[in-house]
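Residue numbers (the numbering used here), protein chains in the order written: chain A, 1 to 328; chain B, 329 to 579.
What follows is one structure encoded as structure tokens, with my remarks underneath.
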């Protein structure tokens, strides 16, 4: 298959040769003029064998609908099935009654699904806290900047309950912070904004268990595989993997990865200090740097704070920490 | 809601009360309020309370789900959203653990394929599409985006450059050019709003420059969507991106 060469948006639209033309279909505009459905949905999930069943339990009586989205892995393809059930109170759908829908029906249900979720947020959070959201619309003043992994299981808004306005958030593969000398990147652009414009008081880097990015880092041989983006990115954490291999070589690979997940957080905290404007604020006590580790196997959370003493921090020194907590 | 100062002033009015016991209690209250630093924020306390709430109300209540998620993730979505504290998709679209692989950066931008400059974004796309095999990519823009405003105002406003922010947001330059050409006569705020949406479209086009995305689209295993969250008016728009070839000529 021919590969399109990297191109820009302008080139797409100005070229006169046979070139992909894009079109956009606006499916819905959700706003105050739309009639809000009289439904409440509560998400509950269960697993039956290979299938993950997501149920929406209906908790009101009027005009109710029950949707179920299931994912079934067949070979390498995840197929979506959706079904609309007749009204009922707190009814959990029996998996044997699920019907298979065509691709097009599935697509429309997906959009309806997102629409319902937004309307539910609008009704139960936005409108019930209108004053707060109106204030937020004027500006944000978060106390935290969070750097977390893009992994679907570790959103800090869920696991640490950050509400709108509380945390400026960067999420990337393996929650890595590249050093200052690496040059511009999306992560340090966000750092610059959070620290210098928003003037956050805390930066929290959160690692997590069974991180695919850290596993890729630990699996790498010495040479960077230039054909892979993942490897080109996770190499940022190379020192963490080297430290791990020397300190934890007696452990099995899984345990080494766990060690590296935490080592990488410390490594990222050290990289934060390579930014002059971050180090200045930390030295003055205006900014605190914290590390965190979320273990979703045991549901535990560890947290520690960088104990900044400028004269003690060399390039390869262990991170001095204080206030280490472990919650389970 | 009264401010701290108003509360203290209100209490002082009761000091003329003839009841000595009441006066003593009021004086104690005033002293206590004066010593209170309402701006004191304990980040550690905030984190632990948040985690405890999650553990008790979510994790412990759905053991089967979390047991399965510990083994792996099968998210249906790859989501690109802004780092802005007000627009987390877990809130506005209620994404639950396991549902969405989520990248958050300034102005929710997706640059065109460039392994040297943009390995972070590329790594996320590669992982989500090739390894996790997500079926949907959703790019969500939002109102009053600081990153878009920076793109639209700098360097014309002669402000001092930001080392990293400016380098990043210039990914959106084609969107800025388009908006200025079409809506250059509108006030800045309206131009920014148009650019917030145009930048989402640009990001969707840039997604097409990644080989694994092209393959997913060609095999109809992947769909691309753009969203726009307006937190001023409480609205959400959703668009589906349909790349297609229009045959122009053949000889």
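We treat Cβ as the ideally placed atom computed from N, Cα and C, and that holds for glycine.
Rounded distance between the beta-carbons of residue 184 of chain A and residue 570 of chain B, thought under 8 Å | Actually they do not touch by this definition, with Cβ atoms about 33 Å apart.
For the stretch 148-166 of chain A, enumerate the residues whose C-beta is nearer than 7 Å to any C-beta of chain B, in chain order.
-> 150, 151, 152, 153, 155, 157, 158, 159, 160, 161, 162, 164, 165 and 166
Take the Cβ of residue 417 of chain B as the centre, count every other Cβ of all protein chains shown within 10 Å, and call the residue buried at 16 or more, exposed below.
-> buried
Classify residue 234 of chain A as buried or exposed, calling it buried when 16 or more other Cβ atoms lie within 10 Å of its own Cβ.
-> buried
What do you get for residue 152 of chain A, buried or exposed, if any count of 16 or more other CB atoms within 10 angstroms of its CB means buried?
-> buried
Using the beta-carbon of each residue, which ones in chain B are nearer than 9 Å to residue 214 of chain A?
-> The premise fails here: residue 214 of chain A is roughly 12 Å from chain B at the closest Cβ pair, so nothing lies under 9 Å.
What does residue 140 of chain A touch in chain B if you count any residue whose Cβ is under 8 Å from its own?
-> 412, 413 and 414
Boundaries of the alpha helix (DSSP H) in which residue 540 of chain B is found, first to last residue | 539-546
Chain A beta carbons: is any one of them nearer than 8 Å to that of residue 508 of chain B?
-> no
Per DSSP, residue 295 of chain A is paired with what?
-> A:300
Taking a Cβ distance cut-off of 8 Å, strictly less, list which residues of the stretch 473-496 of chain B are near chain A, in chain order.
-> 474, 475, 490, 491, 492, 493, 495 and 496
Measuring only between beta-carbons, confirm whether residue 560 of chain B sits less than 8 Å from chain A.
-> yes
Partner residues on chain B for residue 281 of chain A, Cβ-Cβ distance less than 7 Å | Within 7 Å Cβ-Cβ: nothing; residue 281 of chain A doesn't reach chain B, min ~15 Å.
Which term fits residue 207 of chain A, buried or exposed, when burial requires 16 or more other beta carbons within 10 angstroms of its beta carbon?
-> buried
Does DSSP put residue 149 of chain A in a helix, a strand or coil?
-> strand
Does the beta-carbon distance from residue 403 of chain B to residue 449 of chain B come in below 8 Å?
-> no
For residue 138 of chain A, is the classification buried or exposed, using 16 other Cβ atoms within 10 angstroms of its Cβ as the cut-off for buried?
-> exposed
Give the DSSP-derived three-state secondary structure of residue 349 of chain B in the structure shown.
-> helix
Determine the DSSP secondary structure at residue 368 of chain B, reduced to helix, strand or coil.
-> coil
For residue 541 of chain B, verify whether its CB is less than 7 Å away from any heavy atom of the ligand COA.
-> What this structure holds is no ligand at all, so the ligand COA is not there to describe.
Neighbour-count burial assignment, residue 267 of chain A, 16 or more Cβ in a 10 Å radius = buried
Buried versus exposed, by CB contacts within 10 Å (16 or more), residue 348 of chain B | exposed
Over the uninterrupted alpha helix (DSSP H) stretch that includes residue 236 of chain A, give me the two end residues.
-> First-last for residue 236 of chain A: undefined, no H or E at that position.
Segment contact flag, the stretch 115-122 of chain A with the stretch 175-183 of chain A, C-beta cutoff 8 Å, min 3 pairs | no
Going along chain A in order, which residues have a C-beta closer than 7 Å to the C-beta of residue 420 of chain B?
-> 118 and 121
Measure the Cβ-Cβ separation of residue 149 of chain A and residue 188 of chain A and say whether it is below 8 Å.
-> no
Within this structure, are the beta carbons of residue 281 of chain A and residue 305 of chain A separated by less than 8 Å?
-> no
From the DSSP output, which residues share a beta bridge with residue 553 of chain B?
-> B:466 and B:568
Just how far apart, CA to CA, sit residue 84 of chain A and residue 124 of chain A?
-> A caution first: residue 84 of chain A carries a pLDDT of 33, below 50, which makes its placement in the model unreliable, though a value can still be read off. Spanning the two alpha carbons is a distance of roughly 23 Å.
Establish whether the CB of residue 433 of chain B and some CB of chain A are separated by less than 8 Å.
-> yes
Supposed contact pair residue 371 of chain B and residue 157 of chain A - C-beta distance, whole angstroms, cut 8 Å | With 8 Å as the limit, residue 157 of chain A and residue 371 of chain B do not qualify as a contact, their Cβ atoms being about 16 Å apart.
Give a yes or no on whether the minimum CB-CB distance between residue 286 of chain A and chain B is below 8 Å.
-> no
For residue 210 of chain A, which of helix, strand or coil comes out of DSSP?
-> coil
Looking at chain B, which residues of the stretch 174-198 of chain A have a Cβ within less than 9 Å of any of its Cβ atoms?
-> 174, 176, 178, 183, 184, 185, 186, 187, 188, 189, 190, 191, 192, 193, 194, 196, 197 and 198
Check the Cβ-Cβ distances between residue 468 of chain B and every residue of chain A, and say whether any is below 8 Å.
-> no
Along the alpha helix (DSSP H) that carries residue 496 of chain B, what are the first and last residues, could you check?
-> 493-497
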